Amino acid sequence: MATSNVTQVITERVRDAEINPYEMMLRQLDLVQEYTDIPRGIWRVLRAPERVLEVSVPIVRDDGEIDVLTGYRVQYSSARGPCKGGIRFHPGVTADEVKALAGWMTWKCAVVNVPYGGGKGGVSCDPAQYSQAEIERITRRYTAMIYPLIGARRDIPAPDVNTNAQIMNWIVDTAQVLSGEAVPGIVTGKSVEMGGALGRREATGRGVMMIAVGVLQRLGIDVENARIAIQGFGNVGSIAAQLLCEQGAKIVGISDVSAAYHCPTGFDIGQVLAYLETSPGHLLAGLPLAGVEEITNDELLTLDVDVLIPAALEAQIGAHNAHDVRARVIVEGANGPTTPEADLILGERGIVVVPDILANAGGVVCSYFEWVQNIQCYPWEEEDTNQRLGLVLQRALREVWGLAEARNVSLRLAAFILGVERVASAVMMRGTFP
Ligand code: NAD
């Protein structure tokens, strides 16, 4: 595919550059400016996180040695409601990564119109190096260190990369010990027995499926037999795979941190999930299925498919590989998987990118439902949750799609315009204290 001089220049310039997710988020935000009449002072407010907390997290290892990890909690904006966003345990966690993720949460909550601001947290660590007892100690100490910031009316964490319902349960318990009160609404994504919402574990993957189906229908691509590749087979990727299979799509590529596989006839996702239950580290490596070829993670991103779903980490599709992507549609399950340079290249090549702040918003919508249930002490049926999730996401997709058509802009720009304008309105209505 031929590329213009502009993209060639950009490609050369950024090929070897270190991608900073916070700069990436700010560049996406800045693109909105020319499409809105938000006053300059308000822009300055929107470009800066409200609060950034860095904490040290000392933990006693099983052998008695003490390690000190670094953790963060960022509250990007509380203009539209309490801050909301997941907690990540990963060696790549930095202040800038958490600031970027908190910013994306702010625009995402506004796009789907739930009454939240945006936040995010993380601990820089490789969970594979720690025992379960050590992970519990990391979680509890990190919770104690960020405790002054979090709360059902202040800032509500949730699961993200390498964190899950069990870790949310420990956060609730630690907060309860510190406060002396039952505080189920302090996090979402906890176990159902602890006040978690039925359907929350599946909600992000379900949302990815719902948005993918809605976009494919609008583009006139048949979901039945659509060929799909998914990078990352954790909470988001594996559930999206399962639910898209139920819609008749064929998952022809899957990967995780350990391996990537191609199966042109379509994986039996049930068999893959059964393998993961007992595989070492619950990883895909060694997948013993007939008709499956091992490929690299780079090759997975460039498979000849209808839909590519990056569902792992940021900056996976950049200037270095955007020219080679062969998917017709990219549905961003992960946060920030496509760099602004890649966006430009993909746009020129006519590849439709469904942005993270819409595509993976099912998780936060269901988190909102969980929080409402905790505040009201009134649990919902799973069907209610899934039905309401569908209504919220369909409305958001309709609004973003309509705006993209009306303004003749990409879906990412349309979603950013919608979200950023909503946050800017709230900032203006509040005024600036004092
Ligand atoms: P997870 O820890 O459950 O899964 C992450 C998956 O990515 C794992 O399979 C891991 O092996 C894989 N992975 C990691 N590095 C990789 C690499 N370099 N190449 C290929 N695969 C790799 O995390 P998750 O909750 O599924 O989150 C995945 C993404 O979705 C993140 O960007 C997260 O911020 C985003 N997200 C998650 C939620 C949620 O509710 N969990 C909501 C919205 C967005």
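Each residue of the sequence shown is one higher than the last, beginning at 4 in the working numbering. Every residue, glycine too, gets a C-beta built ideally from N, C-alpha and C. As the structure is a computational prediction, the values presented were derived from the model and not from experiment.
Ile360 is the residue among Ile348, Ile360 and Ile354 whose C-alpha sits nearest the C-alpha of Gly339. Below 8 Å, enough C-beta pairs join the segment 153-161 and the segment 84-99 to call them touching: three or more. Only buried fits Asp346, as 16 or more other CB atoms lie within 10 angstroms of its CB. Segment contact: the segment 130-149 against the segment 417-424, fewer than three CB-CB distances shorter than 8 Å; contact not assigned. For Glu297, the enclosing beta strand (DSSP E) begins and ends at Glu296 to Ile298. Contiguous beta strand (DSSP E) elements confined to the segment 38-69 occur at 54-63, taking only those with 3 or more residues.
When the alpha-carbon of Thr305 is set against those of Ile233, Gln31 and Arg64, the nearest one is in Ile233. With fewer than 16 other CB atoms across the displayed protein chains lying within 10 angstroms of its CB, Thr299 is exposed.
The beta-carbon distance between Gly199 and Gly188, rounded to whole angstroms, is 11 Å. This is too long to meet the 8 Å contact definition.
By the criterion of a C-beta distance shorter than 6 Å, Tyr371 is surrounded in its chain by Val117, once the five residues flanking it on both sides are discounted.
With a cut-off of 7 Å, the C-beta of Val96 is classified as distant from the ligand NAD, since no heavy atom of the ligand falls inside that distance. For Pro162, the shortest separation between its Cβ and any heavy atom of the ligand NAD lies below 7 Å. Here the alpha carbons of Ile153 and Glu373 stand approximately 16 Å from one another. DSSP places Gly210 inside the alpha helix (DSSP H), whose first and last residues are Arg203 to Leu222. For Ser182, the secondary structure class from DSSP, reduced to helix, strand or coil, is helix. Residue state for Thr73 is assigned as strand, using DSSP reduced to three classes. The DSSP-derived three-state label of His323 is coil.
For the segment 286-365, the full-length alpha helix (DSSP H) segments reaching 4 residues or more read 300-304, 343-351 and 359-362 along the chain.
Listed as beta-bridge partners of Tyr264 by DSSP are Ile257 and Glu297.
Ser127 carries a strand assignment under DSSP once its states are collapsed to helix, strand and coil. In the three-state scheme derived from DSSP, where H, G and I count as helix and E and B as strand, Arg156 is classed as coil. Residue environment for His265: buried (at least 16 other C-beta atoms within 10 angstroms of its C-beta). Short of 8 Å from the beta carbon of Gln220, and not among the five residues preceding or following it, lie these beta carbons of its own chain, in chain order: Val226. For the options Glu280, Asn228, Val218 and Thr268, the alpha carbon positioned closest to that of Ser241 is the one of Glu280.
Taking the Cα positions, Arg391 is about 29 Å away from Met28. Residue burial annotation: Ser80 is buried, with at least 16 other C-beta atoms found within 10 angstroms of its C-beta. Measuring C-alpha to C-alpha distances from Ala417 to each of Tyr381, Trp110, Arg230 and Pro437 identifies Trp110 as the nearest.
Val368 sits close to Gly210, with the two beta carbons spaced by under 8 Å. Counting other Cβ atoms within 10 Å of its Cβ, Ser258 reaches 16 or more and is therefore classed as buried. Beta-bridge partners of Gln78 (DSSP): Arg54 and Gly122. Taken through DSSP and simplified to helix, strand or coil, Ala113 comes out as helix. By the C-beta density criterion, Ile231 is buried, having at least 16 other C-beta atoms within 10 angstroms. Within the same chain, Cβ atoms closer than 8 Å to the Cβ of Ile138 are found at Phe92, Pro130 and Ile170, the five residues on either side in sequence being excluded. Per the C-alpha coordinates, the member of Arg76, Ser134, Val328 and Ser182 positioned closest to Arg64 is Ser134. Looking from the CA of Glu249, the closest CA among Leu56, Ala427, Val403 and Met212 belongs to Met212.
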